[in-house]
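S.K.: Number 572 marks the last residue of the sequence shown (my numbering); no jumps.
C-beta atoms are modelled at their ideal positions from N, C-alpha and C, and glycine is treated no differently.
The structure displayed is predicted, hence computed values, not measured ones.
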Amino acid sequence: MSTPGILAARAVHQYRRRDILTYVGLRQHLRNRSAQRDVWGNDIATALVMERSAGCYHPISTFKEIGADGELTFRELLLPPPHETLAEAALLAACAAAGGPFGPHPSVFSYELSSGNEVNGIFRPYFRGFIDRHKAIAAACRGNPTAVVIHTDVRRFYPSITGEVARAAWLTACEAANLGTTYRTLGSKILADYERAKTDGAVLTGPMFSHMLGNLVFRAIDNEMSTRAPGCYFRYVDDVAIVAPSQMAIALEHHLERLLEVRGLTLNSKKRLEVPAAEWVKSEADFDDVAGPSWKSFVGQMKQMLMLYPDVREYLRAQFQEHGIRIRPLDYSEVEQERSYLTRTATLLKRRWFRRKTRSLAMLPVVAECLALRKQYFSDAQNLLSRFNQLDGFERKRSLYRLRFLTSRLVYIAHPDDLKFMEDALAGVPEFAMVSTVFRCLHDGDVTPLLRFGPAAAQAAAQPLKALSRPLRCRPREWSDVSVQAYAILRLNGITFSEGPSNTPDDPLIRFCEWDDRARSLWDSRNAYFRELACVHGMTKTDLNSWAIETAFDRDDDLVFDMQELMQGSS
Numbered sequence: 002m003s004t005p006g007i008l009a010a011r012a013v014h015q016y017r018r019r020d021i022l023t024y025v026g027l028r029q030h031l032r033n034r035s036a037q038r039d040v041w042g043n044d045i046a047t048a049l050v051m052e053r054s055a056g057c058y059h060p061i062s063t064f065k066e067i068g069a070d071g072e073l074t075f076r077e078l079l080l081p082p083p084h085e086t087l088a089e090a091a092l093l094a095a096c097a098a099a100g101g102p103f104g105p106h107p108s109v110f111s112y113e114l115s116s117g118n119e120v121n122g123i124f125r126p127y128f129r130g131f132i133d134r135h136k137a138i139a140a141a142c143r144g145n146p147t148a149v150v151i152h153t154d155v156r157r158f159y160p161s162i163t164g165e166v167a168r169a170a171w172l173t174a175c176e177a178a179n180l181g182t183t184y185r186t187l188g189s190k191i192l193a194d195y196e197r198a199k200t201d202g203a204v205l206t207g208p209m210f211s212h213m214l215g216n217l218v219f220r221a222i223d224n225e226m227s228t229r230a231p232g233c234y235f236r237y238v239d240d241v242a243i244v245a246p247s248q249m250a251i252a253l254e255h256h257l258e259r260l261l262e263v264r265g266l267t268l269n270s271k272k273r274l275e276v277p278a279a280e281w282v283k284s285e286a287d288f289d290d291v292a293g294p295s296w297k298s299f300v301g302q303m304k305q306m307l308m309l310y311p312d313v314r315e316y317l318r319a320q321f322q323e324h325g326i327r328i329r330p331l332d333y334s335e336v337e338q339e340r341s342y343l344t345r346t347a348t349l350l351k352r353r354w355f356r357r358k359t360r361s362l363a364m365l366p367v368v369a370e371c372l373a374l375r376k377q378y379f380s381d382a383q384n385l386l387s388r389f390n391q392l393d394g395f396e397r398k399r400s401l402y403r404l405r406f407l408t409s410r411l412v413y414i415a416h417p418d419d420l421k422f423m424e425d426a427l428a429g430v431p432e433f434a435m436v437s438t439v440f441r442c443l444h445d446g447d448v449t450p451l452l453r454f455g456p457a458a459a460q461a462a463a464q465p466l467k468a469l470s471r472p473l474r475c476r477p478r479e480w481s482d483v484s485v486q487a488y489a490i491l492r493l494n495g496i497t498f499s500e501g502p503s504n505t506p507d508d509p510l511i512r513f514c515e516w517d518d519r520a521r522s523l524w525d526s527r528n529a530y531f532r533e534l535a536c537v538h539g540m541t542k543t544d545l546n547s548w549a550i551e552t553a554f555d556r557d558d559d560l561v562f563d564m565q566e567l568m569q570g571s572s
């Protein structure tokens, strides 16, 4: 069996971290080995997009924040169908090869396109860019300790980008980079489909191509701001930091506002923060690994063990369950190791240091490292939460980042006896209302309160919920669109209930996620998105949804922790 092509691997790994429904559909599409080849993405998938009369995107709501009145607000994502994700990967690979305005900008640290043989996503890991920008800001502050840092972002960035503005940015970049006609036309076609998918004609939030369009809309602004004040301007998606003496920084901020207004964009004054450079420097090491065990080391050793000894997966799962660790190891048993990997491993085995390393990958050391992390992270969270409500301004912002780091891991590894503490301690922090509810569900086994936070929250909770060894309950009194989506995502992950809802809506998303006899009706659905999902699933009664989630696509598949991805994205 040959390894998957670059385009298929990039699409799979990117969407696994961003949207589970798109990922599951894509995995099922790629059961056709021909679809895993790059020629499929470049030719077949591209032709399917070019020849269709309109795009088919599925709307799904993602929890954004909870207001002062307790009301939850959501952003709407529109998910592309499987064939479009492959065409999208081909398009963005062509953009990366063309370079120019599609290439990286020295002042921008987000959505840098993968290139060459990189397969871990369509874009390079986004949190790595976040950390790189953090260090670049700190370096600028050290170089000018009397400066200030103005930190701000754009209000409703993607929904505010009109089709007209996006098209102008796209065509300008295509001309500057001399992008080939096929891909220039493909990008214009997808953008036109975006406009038809929304009544306001704005760029969609959800597809990866939208992130490229966002970067292109900002490109002229990035160039002008960097030229006007070299080394003073730093951007991460729609989040901007300016480092300069106070009056100069304010003048640069006003200039940024004018550049944005020309494109129909505005800054969000509610999220503006101004901090002395000397104070910002104190945060420089906030994201560095602390002494002792590290999450990266723990996850890396676990993946290496599962790759080398896939048959130990069930035993490791049992060890985790015995110690109250809510992690379900990924199944690598179906992954064919390519010859270069096996040869490299055989060579390493001849080295004494590698033999010692693999011998140390016995079950208990992996579990022991996790237990050490549990103790360290819970202690850190206790200390931080004991003083969190007294913090404000920049110190509160710094603490939010650390608390996101800790809680997104404690959801998986906190001792069962400490779940109630985490629920109660986080309940008083508005930014952690959703996370507090996840801890509550893990503690009492009732997922009903989680449904109101929508499908992203449900996916973030699904992994640890499924790892619980006790029955779960779900008894909503009424259904909203958001709660239907959340329930469907839980079912997609194979979550079952000892006390389940008696009035489950007859919704196509639930039909697909549960894949029972009702799912057959999806082949005749008027909804083109679900027709395609039904077609790629096929008529088999095999549970392909669980198969897609539980098994690795290839040896580059990482162990994804959905709560961690969700919390990093909110940073």
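Rounded to whole angstroms, what's the CA-CA distance from K380 to G301? Just pull it up for me.
M.R.: Per the sequence shown, residue 380 should be read as Ser rather than Lys. Going from the Cα of S380 to the Cα of G301 covers about 23 Å.
S.K.: Look at the alpha carbon of R76 and the alpha carbon of L365, and state the distance between them as a whole number of angstroms.
M.R.: 43 Å
S.K.: Evaluate the contact criterion for the region 499 to 518 versus the region 557 to 567: three or more CB pairs, one atom per stretch, below 8 Å.
M.R.: no
S.K.: How about G501 and S547: do their beta carbons lie closer than 8 Å?
M.R.: no
S.K.: State yes or no: is the C-beta of Q377 within less than 8 Å of the C-beta of P294?
M.R.: In this structure, Q377 sits near P294, with a CB-CB distance shorter than 8 Å.
S.K.: By DSSP, does T200 sit in helix, in strand, or in coil?
M.R.: coil
S.K.: What span of residues does the alpha helix (DSSP H) with H135 cover, start to end?
M.R.: Residues 127 to 144.
S.K.: Quick check: the region 513 to 531 against the region 428 to 440, are at least 3 beta-carbon pairs closer than 8 Å?
M.R.: Counting C-beta pairs with one atom in each stretch, the region 428 to 440 and the region 513 to 531 have fewer than three that are closer than 8 Å, which means they do not touch.
S.K.: Just the C-alpha distance for P246 and P456, rounded to the nearest angstrom, thanks.
M.R.: Each residue's alpha carbon lies about 44 Å from the other.
S.K.: Please look up how many angstroms separate the CB atoms of D1 and F158, rounded, as I've assumed it's under 8 Å.
M.R.: Outside the shown range of the chain, which is 2 to 572, sits residue 1, and nothing can be said about it.
S.K.: So which of A36, T163, C514, F103 has the shortest CA-CA distance to R185?
M.R.: F103
S.K.: Can you grab the Cα-Cα spacing for the pair A170 / T63, in whole Å?
M.R.: 27 Å
S.K.: How big is the Cα-Cα spacing for V149 and L274?
M.R.: 10 Å
S.K.: Within the present structure, is the beta-carbon of N494 separated from the nearest heavy atom of the ligand ADP by less than 7 Å?
M.R.: The ligand ADP is absent from the structure shown, which contains no ligands of any kind.
S.K.: Taking the continuous alpha helix (DSSP H) assigned at K297, which residues delimit it?
M.R.: Note, K297: alpha helix (DSSP H), 296 to 309.
S.K.: Let me check understanding here. Comparing Cα to Cα, which of L80, T449, A434 lies closest to A69?
M.R.: Closest option to A69, Cα to Cα, is A434.
S.K.: Mapping the DSSP letters down to three states, classify H444 as helix, strand or coil.
M.R.: Helix.
S.K.: Measuring CB to CB, does R19 end up less than 8 Å from F110?
M.R.: no
S.K.: Can you tell me which of Q248, F131, E515 puts its alpha carbon nearest to the alpha carbon of P277?
M.R.: Q248
S.K.: What's the call for F355, buried or exposed, on a 16-neighbour Cβ count within 10 Å?
M.R.: The predicted model places F355 with a pLDDT of 49, which falls under 50 and marks its position as unreliable; any figure quoted below should be read in that light. Classification of F355: exposed, given that the 10 Å Cβ count is below 16.
S.K.: Answer yes if the region 90 to 98 comes into contact with the region 113 to 122, meaning at least three C-beta pairs across the two stretches below 8 Å, and no otherwise.
M.R.: yes
S.K.: Can you tell me where the alpha helix (DSSP H) with I21 in it begins and where it stops?
M.R.: 21 to 30
S.K.: Along the chain, which unbroken stretches of the alpha helix (DSSP H) at least 4 residues long are found entirely within the region 230 to 267?
M.R.: 247 to 263
S.K.: Please report whether the beta-carbon of L257 lies at a distance below 8 Å from any beta-carbon of chain D.
M.R.: Of the protein chains in the structure, only one exists, and it is not chain D.
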